[in-house]
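Student: Under my numbering, the first residue of the sequence shown is numbered 6, with each subsequent residue one higher.
Think of the CB as a built atom: it goes at the ideal place given N, C-alpha and C, for glycine as much as any other residue.
Small disclaimer: the values here were computed from a predicted structure and weren't measured.
Pasting a structure below so you can have a look.
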Amino acid sequence: MRRRRLLGALTAGVGAFGGCLDRARSDPGTATDDETSTDGTTDDDGAYAGVTVERAEATPEYVASNSPDSIGTYGERDEQYVIASVTADGTPAPPRAAFRLRIGDRSIPPTTEVGGMGERLWDYGDPYDSENGEGWVAFEVAKPLDAEGARLTWPGGGHELDEGAVERLSRPPTTFEVRGFDAPESMALDETVTAELTVANVGDADGTFVAAVNRTGPSIAYTPEARISLDVPAGETTTWVYESGPDDRYADPSDGSEGLQMIVRLRWRDGSLSREIAVETE
Numbered sequence: 006m007r008r009r010r011l012l013g014a015l016t017a018g019v020g021a022f023g024g025c026l027d028r029a030r031s032d033p034g035t036a037t038d039d040e041t042s043t044d045g046t047t048d049d050d051g052a053y054a055g056v057t058v059e060r061a062e063a064t065p066e067y068v069a070s071n072s073p074d075s076i077g078t079y080g081e082r083d084e085q086y087v088i089a090s091v092t093a094d095g096t097p098a099p100p101r102a103a104f105r106l107r108i109g110d111r112s113i114p115p116t117t118e119v120g121g122m123g124e125r126l127w128d129y130g131d132p133y134d135s136e137n138g139e140g141w142v143a144f145e146v147a148k149p150l151d152a153e154g155a156r157l158t159w160p161g162g163g164h165e166l167d168e169g170a171v172e173r174l175s176r177p178p179t180t181f182e183v184r185g186f187d188a189p190e191s192m193a194l195d196e197t198v199t200a201e202l203t204v205a206n207v208g209d210a211d212g213t214f215v216a217a218v219n220r221t222g223p224s225i226a227y228t229p230e231a232r233i234s235l236d237v238p239a240g241e242t243t244t245w246v247y248e249s250g251p252d253d254r255y256a257d258p259s260d261g262s263e264g265l266q267m268i269v270r271l272r273w274r275d276g277s278l279s280r281e282i283a284v285e286t287e
């Protein structure tokens, strides 16, 4: 058994989630027959500034807003995503349409059909556009993917995905069971509270368990808390610990409130659980 720990904390600007995204679907991993992007640029076009890749990962699901004040998971068993945070090194910045995911002889354009409400991805923020020159680009591909390597490219440059990301892309789907989501029945307002999640990979392949955590109370209606991403080998079990400290809760014990409650809500592809914790003010 392995154990992970993360401090649950609010993220500045969460309230900025808004709007509604039309999630019309397309076939995952559709390759283009033409190595030229929609604006006429090619990989060796030097008309644009260089690009720095801050991070790039392969994930079977992504976490995004499913309402103005909560997050959920998105992604089916037969699909997966490569998501990268990129920053243009100057101007003019390349357009999003000029990015490609190259896998063998396949050239996969970025998808705009991810991001939930407001197109924001948890842990990634806003999508890339050439006006501000930074943000995330995402590529939807089939799961599993027969790949010996993968490269993110743009006009005049590129970035190789690391071996771990390529290995994740090659994994077939697996099955997870949530074996436990434990939290105390009560807590003092001024103490840190923990909830422990136990996840088992009951399939035949290694996999990544993805979930979202939201919180209600003691004095806030609903707020996103955390994205969970756990690599779990086949046949093994992993635990993850959520913590919420007094500074996260915005409750004043001097206001005479009674019956305060905090609810920690877990959501993943196959289900959801919540744990209610009574908050004692005296």
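Got a sec, what are the start and stop residues for the beta strand (DSSP E) A147 sits in?
Tutor: Start at 1 with the first residue of the sequence shown, and residue 147 comes out as number 142. Here the beta strand (DSSP E) through A147 covers 139 to 147.
Student: If I follow the unbroken alpha helix (DSSP H) through V171, where does it start and stop?
Tutor: What you label residue 171 is simply residue 166 of the sequence shown in a count that begins at 1. Element bounds for V171: 168 to 174.
Student: Can you tell me whether G169 is buried or exposed? The criterion is at least 16 other CB atoms within 10 Å of its CB, across all chains shown.
Tutor: Taking the sequence shown and counting its residues from 1, one reaches residue 169 at position 164. By the 10 Å Cβ count, G169 comes out exposed.
Student: Tell me whether G161 counts as near the ligand NAD, meaning its Cβ is closer than 7 Å to at least one heavy atom of that ligand.
Tutor: Of ligands this structure carries none, so the ligand NAD is not represented either.
Student: Is it a yes or a no for the stretch 134 to 152 touching the stretch 92 to 105, going by three-plus beta-carbon pairs under 8 Å?
Tutor: Yes, the stretch 134 to 152 is in contact with the stretch 92 to 105.
Student: Quick check: the Cα distance between W245 and R173, rounded to an integer number of angstroms?
Tutor: Taking the sequence shown and counting its residues from 1, one reaches residue 245 at position 240. Taking the sequence shown and counting its residues from 1, one reaches residue 173 at position 168. Cα to Cα, W245 sits roughly 20 Å from R173.
Student: With which residues is F214 paired in a DSSP beta bridge?
Tutor: On the sequence shown, residue 214 is found 209 positions in, with the first residue counted as 1. Partner(s): L235.
Student: Using the DSSP secondary-structure output, state which residues sit across from T199 in a beta bridge.
Tutor: By one-based count along the sequence shown, residue 199 stands at place 194. Answer is E248.
Student: So G5 and T243 are supposed to be a Cβ contact under 8 Å. How far apart are they, rounded?
Tutor: The question about residue 5 has no answer here: the residues shown for the chain are numbered 6 through 287.
Student: DSSP on R101, reduced to helix/strand/coil?
Tutor: Translated into the one-based positions of the sequence shown, residue 101 becomes position 96. R101: helix per DSSP, three-state reduction.
Student: Who are the Cβ neighbours of Y67 in its own chain at under 7 Å, not counting the five residues just before and after it?
Tutor: Sequence index remark: in the sequence shown, residue 67 carries index 62 (1-based). Y79, G80, Y86, I88, V119, L126.
Student: Let me make sure I understand the geometry here. Which of P73, A52, S277, P65 has the alpha-carbon closest to that of V288?
Tutor: Lying outside 6 to 287, the shown extent of the chain, residue 288 is not represented and no answer is given.
Student: Buried or exposed, going by whether 16 or more other CB atoms sit within 10 Å of the CB of S112?
Tutor: By 1-based counting over the sequence shown, the position of residue 112 is 107. Per the 10 Å Cβ criterion, buried.
Student: Looking only at its own chain, which residues have a Cβ that is under 7 Å from the Cβ of P149, when we skip the five neighbours before and after it?
Tutor: Here residue 149 refers to the residue found at position 144 of the sequence shown. Correct list, in chain order: S175, R176, P177.
Student: Select from R105, A283, D131, G185 the residue whose C-alpha is nearest the C-alpha of A4.
Tutor: Any property of residue 4 remains undetermined from this structure, which presents the chain solely from 6 to 287.
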